[in-house]
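**Student:** Residue 0 is where the sequence shown starts when you use numbering that gives the first Met the number 0, and the numbers rise one by one after that.
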Amino acid sequence: MQAPPYRAAPPAAGERGPPPPIVYDLPSKSSSTSSSSSSSSSSSSSSSSSSSSSSSSSFSLFPVRLDAADAHLDLEVDASTGLSASCMHTNGCQYTWKGIRSTYGVRGSGQVYFETKVVHAPTVVMPETPVHTRNVCRVGVSLPLTSLFLGESSDSWGYGGTAKKSFSRKFENYGETYGVGDVIGTIIDLDDLRLSFTKNGKFLGVAYDLPPRVRDSGLFPHFCLKNVDIQVNFNAASAWFPPPNSKIQFLGDVPEKDLMANLVEHPASPKDCEFIMMVGVPACGKTFWAEQHCRANPRKSFVLLGTNAVIDQMRVMGVKRQSNYAERWEELMTTATSVFNTLIERASSGAVPRNVIIDQTNVFKNARRRKVQPFR
Numbered sequence: 000m001q002a003p004p005y006r007a008a009p010p011a012a013g014e015r016g017p018p019p020p021i022v023y024d025l026p027s028k029s030s031s032t033s034s035s036s037s038s039s040s041s042s043s044s045s046s047s048s049s050s051s052s053s054s055s056s057s058f059s060l061f062p063v064r065l066d067a068a069d070a071h072l073d074l075e076v077d078a079s080t081g082l083s084a085s086c087m088h089t090n091g092c093q094y095t096w097k098g099i100r101s102t103y104g105v106r107g108s109g110q111v112y113f114e115t116k117v118v119h120a121p122t123v124v125m126p127e128t129p130v131h132t133r134n135v136c137r138v139g140v141s142l143p144l145t146s147l148f149l150g151e152s153s154d155s156w157g158y159g160g161t162a163k164k165s166f167s168r169k170f171e172n173y174g175e176t177y178g179v180g181d182v183i184g185t186i187i188d189l190d191d192l193r194l195s196f197t198k199n200g201k202f203l204g205v206a207y208d209l210p211p212r213v214r215d216s217g218l219f220p221h222f223c224l225k226n227v228d229i230q231v232n233f234n235a236a237s238a239w240f241p242p243p244n245s246k247i248q249f250l251g252d253v254p255e256k257d258l259m260a261n262l263v264e265h266p267a268s269p270k271d272c273e274f275i276m277m278v279g280v281p282a283c284g285k286t287f288w289a290e291q292h293c294r295a296n297p298r299k300s301f302v303l304l305g306t307n308a309v310i311d312q313m314r315v316m317g318v319k320r321q322s323n324y325a326e327r328w329e330e331l332m333t334t335a336t337s338v339f340n341t342l343i344e345r346a347s348s349g350a351v352p353r354n355v356i357i358d359q360t361n362v363f364k365n366a367r368r369r370k371v372q373p374f375r
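Following this line, the structure appears as structure tokens:
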């Protein structure tokens, strides 16, 4: 990934109101971008987007598996099979939730099924966190191009290991607790518009009635994890438990033409990725702009790297963690900074090519040079 030049934007009065005119340059294959004007940034963006779309079209999504391009960066997916994922759980990452969707979803009609097995729960250092909430798996479904925090928006529905179902940040009792060794089956019924779950083959009942719009928008298997490792299964041939009835088909056994491919871009290599470094004084609107840019370009699946984004991942029952750290703000920021440094290292490794936005002040040239160096 070639590093672009950077220019600081003029500071704004505050984060409220319209965002400031932050100037940024996107990576290109030519080093001549260092002399380009701010107006060329737009054409660079278009060129990079076209390149990324091209590489995305050559990326094979089938058979159905976990999609590392539609996931939090601190979740590691087995590249050989795409059917297992493990949480990074050191250097502060034990406090973050990690979400991921599958490469394919379903829409229209029919009943489909997939399985999730919790295979490991590492011991983590979280002295102020109740033991039963240190290692949690949440499984369910979501609409494409939506938040990776399963069950915390109106576009996703989940069931967690603490025996709670969740939708739009509303957590309610459902089913049974589950953990290492347990297999959770998810039943997507687009005929009757219902979402149900099983535990080790036992039917737990209907969790949610789904809105009719999901038949058109599609639903994707979605997993949100904290300090657990999982394996997933999308095929009857490798089933741990059969579906509750013969009308239900494993998602991976549905013909590819009848499935919906994940809409996010899949860059073939780091050189096909976009890299944006925010530059500006505190409270000038950098984070506002970066978040807006991510929302305006959901198919690019940007990894937003900054302490604010890290704290957003450190949620407790859908509530941002700073609400619980009112008198320990410095401690929270120390942990968030540790996670940020870990994510910078992983993002720059190129193990999973991703579009990146670094959201910090970066007003000093030496700081910019140091942070961009790993991405060169």
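Where a beta carbon is used, it is the ideal one built from N, C-alpha and C, also for glycine.
1. When burial is assigned at 16 or more other CB atoms within 10 Å of the CB, is K364 buried or exposed?
2. Just how far apart, CA to CA, sit I357 and V309?
3. Could you name each continuous beta strand (DSSP E) segment of 3 residues or more that falls completely within the stretch 252-326, going from the start of the chain to the end?
4. Using 10 angstroms around the beta-carbon of V105, count the other beta-carbons present and answer buried if the total reaches 16, otherwise exposed.
5. Helix, strand or coil: which one does DSSP assign to M87?
6. Under 8 Å, do T161 and H131 count as touching if we go by C-beta distance?
7. In three-state DSSP terms, what is L331?
8. Please confirm whether Q110 has its beta-carbon closer than 8 Å to some beta-carbon of chain B.
9. Would you check if the distance between the CB atom of D66 and the CB atom of N261 is smaller than 8 Å?
10. Candidates V280, G279 and G305: which alpha carbon is nearest E290's?
11. Quick check on DSSP: helix, strand or coil for S155?
12. For my contact list, V227 and V135 are in at a C-beta cut-off of 8 Å; report their separation, rounded to the angstrom.
13. Does the distance from the C-beta atom of W156 to that of F148 stay below 8 Å?
14. How many angstroms separate the CA atom of G107 from the CA atom of P211?
15. For S195, count neighbouring C-beta atoms within 10 Å of its own C-beta (all shown protein chains included) and say buried if the count is 16 or more, exposed if not.
16. If you follow the alpha helix (DSSP H) that A366 is in, where does it begin and where does it stop?
17. To which residues of the same chain is A235 closer than 6 Å at the C-beta, ignoring the five residues directly before and after it?
18. Assuming N90 and S348 are in contact, meaning their beta carbons sit under 8 Å apart, how far apart are those beta carbons, in whole angstroms?
19. Taking just the CA atoms, how far does S245 sit from D191?
20. Measuring only from the beta carbon, is I186 closer than 7 Å to any heavy atom that is part of the ligand NAD?
21. Between the C-alpha atoms of V63 and K201, what's the straight-line distance to the nearest angstrom?
22. Within the same chain, show all residues whose beta-carbon is closer than 8 Å to that of S146, passing over the 5 residues directly before and after it, in chain order.
23. Could you give the C-beta distance for V302 and R353, rounded to a whole number, given that I count them as a contact under 8 Å?
24. Where does the unbroken alpha helix (DSSP H) through D215 begin, and where does it stop?
25. Which whole-angstrom value describes the C-beta separation of Y112 and I229, a residue pair presumed to lie in contact below a C-beta threshold of 8 Å?
26. With 16 as the cutoff for other CB atoms within 10 Å, does P281 come out buried or exposed?
27. To the nearest angstrom, how far is it from the Cα of F240 to the Cα of N199?
28. Assign A235 to one of three DSSP states: helix, strand, or coil.
29. Which two residues bound the contiguous beta strand (DSSP E) that contains S165?
30. Does the beta-carbon of N361 have 16 or more other beta-carbons within 10 angstroms, so that it is buried, or is it exposed?
31. Taking the continuous beta strand (DSSP E) assigned at N361, which residues delimit it?
32. Quick one, which of A366, L82 and T128 has its alpha-carbon nearest K116's?
33. Please specify which runs of the beta strand (DSSP E), each continuous and at least 3 residues long, are wholly inside the stretch 90-138, giving them in chain order.
34. Can you tell me where the beta strand (DSSP E) with V227 in it begins and where it stops?
35. To the nearest angstrom, how far is the alpha carbon of S79 from that of E114?
36. What separation, rounded to the nearest whole angstrom, lies between the Cα atoms of K370 and V140?
**Tutor:** Looking at the coordinates:
1. Against the sequence shown, residue 364 aligns to sequence position 365. Around the beta carbon of K364, a 10 Å sphere encloses fewer than 16 other beta carbons of the protein chains shown; the residue is thus reported as exposed.
2. Position 358 of the sequence shown holds residue 357. Position 310 of the sequence shown holds residue 309. Whole-angstrom Cα-Cα distance: 12 Å.
3. Listed in chain order, the complete beta strand (DSSP E) runs (minimum 3 residues) inside the stretch 252-326 are 274-276 and 302-304.
4. Position 106 of the sequence shown, counted from the start, is the residue given in the question as residue 105. Buried, since its Cβ has 16 or more Cβ neighbours within 10 Å.
5. Indexing the sequence shown from 1 puts residue 87 at position 88. Taken through DSSP and simplified to helix, strand or coil, M87 comes out as coil.
6. Numbered from its first residue, the sequence shown carries residue 161 at position 162. Numbered from its first residue, the sequence shown carries residue 131 at position 132. Going by beta carbons, T161 and H131 fall inside the 8 Å limit.
7. Taking the first residue of the sequence shown as 1, we reach residue 331 at position 332. Helix at L331.
8. The chain inventory of the structure shown lacks chain B, comprising one protein chain alone.
9. Taking the sequence shown and counting its residues from 1, the one referred to as residue 66 is at position 67. Taking the sequence shown and counting its residues from 1, the one referred to as residue 261 is at position 262. In this structure, N261 lies closer than 8 Å to D66 by Cβ.
10. Here the question's residue 290 lines up with position 291 in the sequence shown. Ranking V280, G279 and G305 by CA distance to the CA of E290 puts G305 first.
11. As a working mapping, residue 155 is identified with position 156 in the sequence shown. Strand, per DSSP.
12. Counting from one through the sequence shown, the residue named residue 227 turns up at place 228. Counting from one through the sequence shown, the residue named residue 135 turns up at place 136. The Cβ separation is near 7 Å, so the contact holds.
13. Along the sequence shown, read from residue 1 onward, the residue named residue 156 stands at position 157. Along the sequence shown, read from residue 1 onward, the residue named residue 148 stands at position 149. No, the pair does not count as a contact, with Cβ atoms beyond the cut-off.
14. Looking up residue 107 in the sequence shown gives position 108. Looking up residue 211 in the sequence shown gives position 212. G107 and P211 have their alpha carbons spaced roughly 10 Å apart.
15. Locating residue 195 in the sequence shown gives position 196, counting from the first residue. Buried.
16. Along the sequence shown, one-based indexing puts residue 366 at 367. For A366, the enclosing alpha helix (DSSP H) begins and ends at K364 to V371.
17. Your numbering for residue 235 matches position 236 in the sequence shown. Excluding residues within five positions, the ones whose Cβ falls inside 6 Å are F249 and D252.
18. Residue numbering aside, residue 90 sits at position 91 when the sequence shown is read from its first letter. Residue numbering aside, residue 348 sits at position 349 when the sequence shown is read from its first letter. N90 to S348, Cβ: 15 Å. No contact.
19. For the purposes of this step, residue 191 is identified with residue 192 of the sequence shown, where counting begins at 1. For the purposes of this step, residue 245 is identified with residue 246 of the sequence shown, where counting begins at 1. Approximately 16 Å between the Cα atoms of the pair.
20. As far as ligands go, the structure on display features none, and thus does not contain the ligand NAD.
21. Here residue 63 refers to the residue found at position 64 when the sequence shown is read from its first residue. Here residue 201 refers to the residue found at position 202 when the sequence shown is read from its first residue. Looking at the two C-alpha atoms, the distance is approximately 25 Å.
22. Along the sequence shown, read from residue 1 onward, the residue named residue 146 stands at position 147. G98, S152, D154 and S155, listed in sequence order.
23. Stepping through the sequence shown from its first residue, residue 302 is reached at position 303. Stepping through the sequence shown from its first residue, residue 353 is reached at position 354. With 8 Å as the limit, V302 and R353 qualify as a contact, their Cβ atoms being about 5 Å apart.
24. Here the question's residue 215 lines up with position 216 in the sequence shown. First-last of the alpha helix (DSSP H) with D215: V213 to S216.
25. Start at 1 with the first residue of the sequence shown, and residue 112 comes out as number 113. Start at 1 with the first residue of the sequence shown, and residue 229 comes out as number 230. That pair is no contact at about 16 Å.
26. Taking the first residue of the sequence shown as position 1, residue 281 is located at position 282. P281 should be labelled exposed.
27. Taking the sequence shown and counting its residues from 1, one reaches residue 240 at position 241. Taking the sequence shown and counting its residues from 1, one reaches residue 199 at position 200. Each residue's alpha carbon lies about 7 Å from the other.
28. Translated into the one-based positions of the sequence shown, residue 235 becomes position 236. In this structure, A235 counts as helix in the three-state DSSP scheme.
29. Taking the sequence shown and counting its residues from 1, one reaches residue 165 at position 166. Segment K163 to F166, the beta strand (DSSP E) holding S165.
30. Locating residue 361 in the sequence shown gives position 362, counting from the first residue. It counts as buried.
31. Here residue 361 corresponds to residue number 362 of the sequence shown, with the count starting at 1. It is not in any beta strand (DSSP E) - N361 carries neither H nor E in the DSSP assignment.
32. Here residue 116 corresponds to residue number 117 of the sequence shown, with the count starting at 1. Distances from the alpha-carbon of K116 to those of A366, L82 and T128 put L82 closest.
33. The stretch 90-138 contains these whole beta strand (DSSP E) runs: 97-101 and 110-119.
34. By 1-based counting over the sequence shown, the position of residue 227 is 228. Taken as a continuous stretch (DSSP letters only), V227 belongs to no beta strand (DSSP E), as it is neither H nor E.
35. Along the sequence shown, read from residue 1 onward, the residue named residue 79 stands at position 80. Along the sequence shown, read from residue 1 onward, the residue named residue 114 stands at position 115. Their Cα atoms are separated by approximately 19 Å.
36. To locate residue 370, count along the sequence shown from 1; it is residue 371. To locate residue 140, count along the sequence shown from 1; it is residue 141. Distance from the CA of K370 to the CA of V140, rounded to the nearest whole angstrom, comes to 36 Å.
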